[in-house]
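Visitor:
2 protein chains.
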Amino acid sequence: MRNVTPETLTETLLGLSGPDTDPRLQEVLGSLVRHLHAFAKEVGLTHAEWRKGLELLTRAGEMTDDERNEFVLFSDVLGLSSLVDMINSPSGCTSSSVLGPFHILGAPDLPVGGDMIGENPGPQVVVEGVVRDTHGDPIEGAQIELWQTADNGLYSNQDPKQPEYNLRISMATGADGRYALSTIRPAPYMVPTDGPVGDLLNATGRDAWRPSHLHFIIRAQGYRTLVTEVFPSDDPYLDADAVFGVRRDLVMEYRPGDRAALAADIAARDRLNDSFSKVDFDFILPRQAA
Amino acid sequence: MRNVTPETLTETLLGLSGPDTDPRLQEVLGSLVRHLHAFAKEVGLTHAEWRKGLELLTRAGEMTDDERNEFVLFSDVLGLSSLVDMINSPSGCTSSSVLGPFHILGAPDLPVGGDMIGENPGPQVVVEGVVRDTHGDPIEGAQIELWQTADNGLYSNQDPKQPEYNLRISMATGADGRYALSTIRPAPYMVPTDGPVGDLLNATGRDAWRPSHLHFIIRAQGYRTLVTEVFPSDDPYLDADAVFGVRRDLVMEYRPGDRAALAADIAARDRLNDSFSKVDFDFILPRQAA
Numbered sequence: 034m035r036n037v038t039p040e041t042l043t044e045t046l047l048g049l050s051g052p053d054t055d056p057r058l059q060e061v062l063g064s065l066v067r068h069l070h071a072f073a074k075e076v077g078l079t080h081a082e083w084r085k086g087l088e089l090l091t092r093a094g095e096m097t098d099d100e101r102n103e104f105v106l107f108s109d110v111l112g113l114s115s116l117v118d119m120i121n122s123p124s125g126c127t128s129s130s131v132l133g134p135f136h137i138l139g140a141p142d143l144p145v146g147g148d149m150i151g152e153n154p155g156p157q158v159v160v161e162g163v164v165r166d167t168h169g170d171p172i173e174g175a176q177i178e179l180w181q182t183a184d185n186g187l188y189s190n191q192d193p194k195q196p197e198y199n200l201r202i203s204m205a206t207g208a209d210g211r212y213a214l215s216t217i218r219p220a221p222y223m224v225p226t227d228g229p230v231g232d233l234l235n236a237t238g239r240d241a242w243r244p245s246h247l248h249f250i251i252r253a254q255g256y257r258t259l260v261t262e263v264f265p266s267d268d269p270y271l272d273a274d275a276v277f278g279v280r281r282d283l284v285m286e287y288r289p290g291d292r293a294a295l296a297a298d299i300a301a302r303d304r305l306n307d308s309f310s311k312v313d314f315d316f317i318l319p320r321q322a323a
Numbered sequence: 034m035r036n037v038t039p040e041t042l043t044e045t046l047l048g049l050s051g052p053d054t055d056p057r058l059q060e061v062l063g064s065l066v067r068h069l070h071a072f073a074k075e076v077g078l079t080h081a082e083w084r085k086g087l088e089l090l091t092r093a094g095e096m097t098d099d100e101r102n103e104f105v106l107f108s109d110v111l112g113l114s115s116l117v118d119m120i121n122s123p124s125g126c127t128s129s130s131v132l133g134p135f136h137i138l139g140a141p142d143l144p145v146g147g148d149m150i151g152e153n154p155g156p157q158v159v160v161e162g163v164v165r166d167t168h169g170d171p172i173e174g175a176q177i178e179l180w181q182t183a184d185n186g187l188y189s190n191q192d193p194k195q196p197e198y199n200l201r202i203s204m205a206t207g208a209d210g211r212y213a214l215s216t217i218r219p220a221p222y223m224v225p226t227d228g229p230v231g232d233l234l235n236a237t238g239r240d241a242w243r244p245s246h247l248h249f250i251i252r253a254q255g256y257r258t259l260v261t262e263v264f265p266s267d268d269p270y271l272d273a274d275a276v277f278g279v280r281r282d283l284v285m286e287y288r289p290g291d292r293a294a295l296a297a298d299i300a301a302r303d304r305l306n307d308s309f310s311k312v313d314f315d316f317i318l319p320r321q322a323a
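Residue numbers (the working numbering), protein chains in the order written: chain A, 34 to 323; chain B, 34 to 323.
1) How big is the Cα-Cα spacing for GLY48/A and GLY162/A?
2) Can you name, in chain order, every residue of its own chain whose Cβ lies under 7 Å from the Cβ of VAL279/B, other than the five neighbours on each side?
3) Unbroken alpha helix (DSSP H) runs of length 4 or more, entirely within the stretch 139-217 of chain B: which are they?
4) For a cutoff of 8 Å on Cβ pairs, would you count PHE135/B as touching chain A?
5) If you draw a straight line from the alpha carbon of GLN176/A to that of MET204/A, how long is it in whole angstroms?
6) May I ask you to report which of helix, strand or coil DSSP gives VAL110/B?
7) At least one CB of chain B closer than 8 Å to the CB of ASP53/A: is that the case?
8) Inspect the beta-carbon positions of VAL110/A and LEU234/A and report whether they are closer than 8 Å.
9) Quick check on the DSSP output: the beta strand (DSSP E) that includes PHE72/A runs from which residue to which?
10) Just the chain A side, please: which residues come within less than 9 Å of MET119/B by C-beta, in chain order?
11) Confirm, please, whether the CB-CB distance from VAL160/B to LEU89/B is below 8 Å.
12) Please confirm whether GLY238/B has its beta-carbon closer than 8 Å to some beta-carbon of chain A.
13) Counting only Cβ pairs nearer than 7 Å, list the residues of chain B close to PHE316/A.
14) Per DSSP, what kind of secondary structure is PHE281/B in: helix, strand or coil?
15) Which residues in chain B sit within 7 Å of GLU178/A, going by Cβ to Cβ distance?
16) Who are TYR256/A's beta bridge partners in DSSP?
17) Any residues in the stretch 242-273 of chain B with a beta carbon nearer than 7 Å to a beta carbon of chain A? Which ones, in chain order?
18) Under 8 Å, with one C-beta from each stretch per pair, do the stretch 293-309 of chain A and the stretch 141-150 of chain A reach the 3-pair mark?
19) In three-state DSSP terms, what is ILE120/B?
20) Anything in the stretch 274-294 of chain A with a Cβ closer than 7 Å to a Cβ of chain B? List those residues in chain order, please.
21) Does PRO221/A pass the burial test, meaning 16 or more other C-beta atoms within 10 Å, or should it be called exposed?
22) Using a Cβ cut-off of 8 Å (strictly closer), state whether LYS194/A contacts chain B.
23) Please list the terminal residues of the continuous alpha helix (DSSP H) segment that includes VAL25/B.
24) Any Cβ of chain A within less than 8 Å of the Cβ of VAL61/B?
25) Using a Cβ-Cβ cut-off of 6 Å (strictly less than) and excluding sequence neighbours within five positions of LEU305/A, which residues of its own chain qualify?
26) Taking the straight line between their C-alpha atoms, what separation do you get for PRO141/B and LEU200/B?
27) Does any C-beta atom of chain B lie closer than 8 Å to the C-beta of SER130/A?
28) How is GLU44/B classed by DSSP in three states: helix, strand or coil?
29) So, do the stretch 237-254 of chain B and the stretch 190-197 of chain B have three or more beta carbon pairs nearer to each other than 8 Å?
30) Give a yes or no on contact between the stretch 178-190 of chain B and the stretch 116-127 of chain B, applying the rule of three or more CB pairs nearer than 8 Å.
31) Using a beta-carbon distance cut-off of less than 7 Å, what residues from the stretch 143-165 of chain B approach chain A?
32) Report the rounded CA-to-CA distance for SER124/B versus ARG320/B, giving the unit in angstroms.
33) So the candidates are ARG84/B, PHE309/B, GLY238/B, GLY86/B; which of them puts its Cα closest to the Cα of GLY290/B?
34) Which of the three DSSP states, helix, strand or coil, is assigned to HIS80/A?
35) Given that a residue counts as buried once 16 or more other Cβ atoms are within 10 Å of its Cβ, and exposed if not, what is GLU152/B?
36) Can you tell me whether VAL131/B is helix, strand or coil according to DSSP?
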């Protein structure tokens, strides 16, 4: 190893792995180390730049706690999170998209057609659709979790003024695979910019905004769990999402609502204001690999 | 951006940088993001593997404090630190090598020929040499910092039983460029294995050992500062350094000492035990770029 050079270092290092190394670990580590070394050589990384990178990681560690993970945010704004979503999304199904840091367990159950507006101000909307398999058949008993920001762009766990579990529900589809609820429009918001990720966005003149969106997790027996987001077509940040979560098939339309056309099970039907919107959005789930 | 695909994501992201972005930042970020994305695509990184990677970074953050930086250790064992050293080492000069986490400021001055053994047990050695420029001319007034482990493999700031600044000195070369001192042989040691770096070494069956070494920082006006390490040729871990710090030109020889042949300024000359060794090691410093 005393003869190691920039040309031989990478394979020398990878050659140190013992015979009991898990083959997949060796494959992932091998690719990671090869790209890491190629990066350093390609740009001629200086000691000062290396120190700067380590300082960013160290600061990210200092900002990370149970409520916030700056490493996930780095992965998000560097497109890695969305890339992992894309390369693991089977074709012919609804795309997956970033989970984000605001999901919490234990959202209350709401029956199909139930109301999530409660006391929340903001433009009202009825969202409904069908959870289907890849043959177009409805999936009965799919468990949907939905969460979103209030009109101020904050999630309930960011905003002490909101009730616990505000704008978060769980819903099981019936035999027709249908889900439906009344809610308010979610609002765009900025990813946190008070840490090293914010410094990077600032240094590159990038937006910290995310377009407004509804988060969904959909689980059904025999199907792969879908973690995704749905974005309104009229959002000003639709083509500037700081974390690259938008996919063409995840765009929904706010259409003018028609009270008379609403299904009978929409609980808030007679309380909705006249300017309410309607969204129809179906999901397609892939079968679990055998 | 709603049309982004694994094929277009990378350049879409890099295209978001504003016109005021520092060109070097854009170059480094561009290479980093291209390699990061290529890595994820090449191995088909799964969500579970992505979460595992973020968990490693999060744990590294939790283990990092003023005394220990797990991110530096990751950089070390993944060969990045040594690669940065190698690509920034001008040819025809002494190679640089990792600084490591045990350097502290304020080591006491020692005159040329002074003794650093004090009360330290262990095999004794006289180390001397000349600091030269690339023409072979001695550099007067070069400031040398030297630090090393005690015979137990611990640095003074790891070991409450050692006096402050034990086995750490600063020395200025005279007109002849010469440095000289008596000390003990440093000992091999393991990098810390109680964190995620240790888990990685363990999972790949890699050694955590570093060969014994003397750390040097050499500063001289008009020259580039040299941060390096010097390793004895008989160390059992010379070809298995966990952090890849060894270079062929950084290997020194312990030769049998000859008291009668020692220079008059070796202060410990008459106190050294009979089995002391001698090391001759010169350094070559590159001129500071204009």
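Glycine included, every Cβ here is placed at the ideal spot set by N, Cα and C.
Guide: If we stick to the structure as given:
1) Straight-line Cα distance between these residues: approximately 53 Å.
2) Cβ neighbours of VAL279/B beyond the five flanking positions: PRO244, PHE264, LEU271.
3) Entirely contained in the stretch 139-217 of chain B, not one alpha helix (DSSP H) run reaches 4 residues.
4) Judged by the 8 Å Cβ criterion, PHE135/B is not in contact with chain A.
5) Those two C-alpha atoms are separated by around 6 Å.
6) Reduced to three states, the DSSP call for VAL110/B is helix.
7) Closer than 8 Å: yes.
8) Yes; because the gap between Cβ atoms is below 8 Å, this pair is in contact.
9) Element bounds for PHE72/A: not the beta strand (DSSP E) but the alpha helix (DSSP H), 56-76.
10) Taking a Cβ-Cβ cut-off of 9 Å, the neighbours of MET119/B in chain A comprise VAL37, THR38, PRO39, LEU42, given in sequence order.
11) Not in contact: LEU89/B and VAL160/B (Cβ atoms no closer than 8 Å).
12) Yes, its Cβ sits closer than 8 Å to a Cβ of chain A.
13) The contacting residues do not exist; PHE316/A stays about 17 Å from chain B at best.
14) It is Arg, not Phe, that sits at residue 281/B in the sequence shown. The answer is helix: DSSP assigns ARG281/B an H, G or I state.
15) Here the premise fails: no neighbours, minimum Cβ distance about 17 Å.
16) ARG320/A.
17) Those residues of the stretch 242-273 of chain B that come within reach of chain A (Cβ to Cβ, closer than 7 Å) are LEU271, ASP272, ALA273.
18) Segments in contact, yes.
19) Helix.
20) Of all residues in the stretch 274-294 of chain A, the ones placed with a Cβ closer than 7 Å to any Cβ belonging to chain B are ASP274, PHE277, VAL279, ARG280, ARG281, VAL284, in chain order.
21) That one is buried.
22) Taking Cβ atoms only, chain B never reaches closer than 8 Å to LYS194/A, which makes this a no.
23) This structure does not reach residue 25/B, given that chain B is present from 34 up to 323, and the question cannot be answered.
24) For VAL61/B, the answer is yes, since a Cβ of chain A falls inside 8 Å of its Cβ.
25) Result list for LEU305/A: GLN157, in chain order.
26) Here the alpha carbons of LEU200/B and PRO141/B stand approximately 10 Å from one another.
27) For SER130/A, the nearest beta carbon of chain B is not closer than 8 Å to its own beta carbon.
28) Here GLU44/B sits in helix by DSSP.
29) Under the 8 Å Cβ criterion, the stretch 237-254 of chain B does not count as touching the stretch 190-197 of chain B, having fewer than three qualifying pairs.
30) No: the two stretches stay apart, fewer than three of their Cβ pairs being nearer than 8 Å.
31) The stretch 143-165 of chain B vs chain A, Cβ under 7 Å: nothing.
32) Straight-line measurement puts the Cα of ARG320/B at about 12 Å from the Cα of SER124/B.
33) Ranking the options by Cα distance to GLY290/B, first place goes to PHE309/B.
34) The three-state secondary structure of HIS80/A, taken from DSSP, is helix.
35) Exposed is the call here.
36) Of the three classes helix, strand and coil, the one that applies to VAL131/B here is coil, per DSSP.
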